[in-house]
Amino acid sequence: MHELSIAQEIINILETNVPTESYRQVSKVKVKIGKFSNILSDSLQFCFEVVINNSKFSNTKLEIETVPLIIECSDCRSKIEIEPPVFICSNCGSSNINLITGNEMSIDLIEIND
Amino acid sequence: MSVITIEKKILEKNDLIAANNRDFFNEKKIFVINILSSPGSGKTSLIERSLARWGKKIKFGIIEGDVQTDLDAQRLDVFKVPVVQIVTNGACHLDANLVRDAYSSIEKEEIELLIIENVGNLVCPAGFDLGEHIKVVVTSITEGDDKPLKYPSVFRNSSVLIINKTDLLPHVNSSLAKLKKNALSINPSLKIFETSCVTDDGIDKWCKWLKTQINKNESSTFY
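Here the protein sequences come in this chain order: S and R.
Per my numbering, the first sequence runs over residues 5 to 118.
Per my numbering, the second sequence runs over residues 21 to 243.
In structure tokens, the structure reads:
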């Protein structure tokens, strides 16, 4: 359900950023999805195919780049990738950490075949 | 071929409305909490007990979110506070726009504390900013002590954890200590309360903390 509303929102953003006459020429939309964003890439891809077929962007493919969950440790300053649900610095064991990446849910670029 | 680089957040529209909601609530000095849990953890019961404790001293406003029915709003009717029910008709979470529209129907009321009860779901609601000041996650002891590990983002994104149904502890295999340890491993800054909406254990402590937050909010701006 969640992925379906995200797929619909991607199409809404396409509509506001692409000139109407170029809708059919949009070949690709590339999105960045963080590993900690609660979005399952396969499910988003599936939902996108469902909604795109009912839109004016019938030639558009979705490319998903998965962004790792990277933290910065406030104690030892390491920047390292972690695997949820372990929220500790694997270098020094501190739980005093900040998420640097992993929550992304953004559109990176739109490709148009002119 | 041309490329449009836009770097836009997919939920930008929601985030913009949420920021407007937050500005509005700050201006009106309304403290807003967004309560999240799985279905049946006791969100509505917790609101009932909070209303029973503070209903006459704090000016409450309640937004109830459910997939179907206004049963929760009916339950709260007895407390004679402004309640508005959002029926999402299948959607698994509330968004900032739904909250803005719902609030408009009670905006003439004087409100100090707005409680938004989200749709019962430990996944999707965690990703949608509604314009609240804090997220409060409720988990009941009957759900097991591993929920924070299974659904980390809602625990990571919340400021407060309420462990509910503590009266049932002798009857279940869950360990309170393990549940707390798991939650704190996801988010060490979680403020934890243990409550029972049947015996009222812990309700007073939670309500007193809530009142402190409202007082803080009245004397300053949160964000």
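In this text, a Cβ means the ideal position worked out from N, Cα and C, and glycines have one as well.
DSSP lists no beta-bridge partner residue for residue 12 of chain S.
Against chain R, the CB of residue 58 of chain S has no partner CB under 7 Å away; the residue lies outside that interface. When rounded, the separation of the alpha-carbon atoms in residue 77 of chain S and residue 95 of chain S is 9 Å. The beta carbon of residue 25 of chain R sits closer than 7 Å to some beta carbon of chain S. Ranking R:215, R:118, R:128 by CA distance to the CA of residue 137 of chain R puts R:118 first. Using beta-carbon distances, residue 10 of chain S counts as an interface residue toward chain R, with a partner under 7 Å. Proximity of chain S to residue 190 of chain R at the Cβ level (cut-off 9 Å) is not reached, the minimal Cβ distance being about 28 Å.
By the Cβ test, the stretch 162 to 180 of chain R is not in contact with the stretch 67 to 83 of chain R, since fewer than three Cβ pairs between them sit closer than 8 Å. Residue burial annotation: residue 45 of chain R is buried, with at least 16 other C-beta atoms found within 10 angstroms of its C-beta. Listed along chain S is no residue with a C-beta nearer than 9 Å to that of residue 59 of chain R; the closest approach is about 14 Å. The residue among R:47, R:99, R:35 with its C-alpha nearest the C-alpha of residue 64 of chain R is R:99.
The stretch 31 to 46 of chain R makes no contact with the stretch 55 to 69 of chain R; the number of CB pairs closer than 8 Å stays below 3.
It is roughly 45 Å from the alpha-carbon of residue 181 of chain R to the alpha-carbon of residue 30 of chain S. For residue 220 of chain R, no beta strand (DSSP E) segment is defined, and its DSSP state is neither H nor E. Annotation: the continuous beta strand (DSSP E) that includes residue 66 of chain S extends over 65 to 71. With a cut-off of 8 Å on Cβ pairs, the stretch 228 to 237 of chain R is not in contact with the stretch 190 to 201 of chain R, counting fewer than three such pairs.
Between the C-alpha atoms of residue 48 of chain S and residue 172 of chain R there is a straight-line separation of about 20 Å. Contact with chain S is found for residue 208 of chain R, since one of that chain's Cβ atoms lies less than 7 Å from the residue's Cβ.
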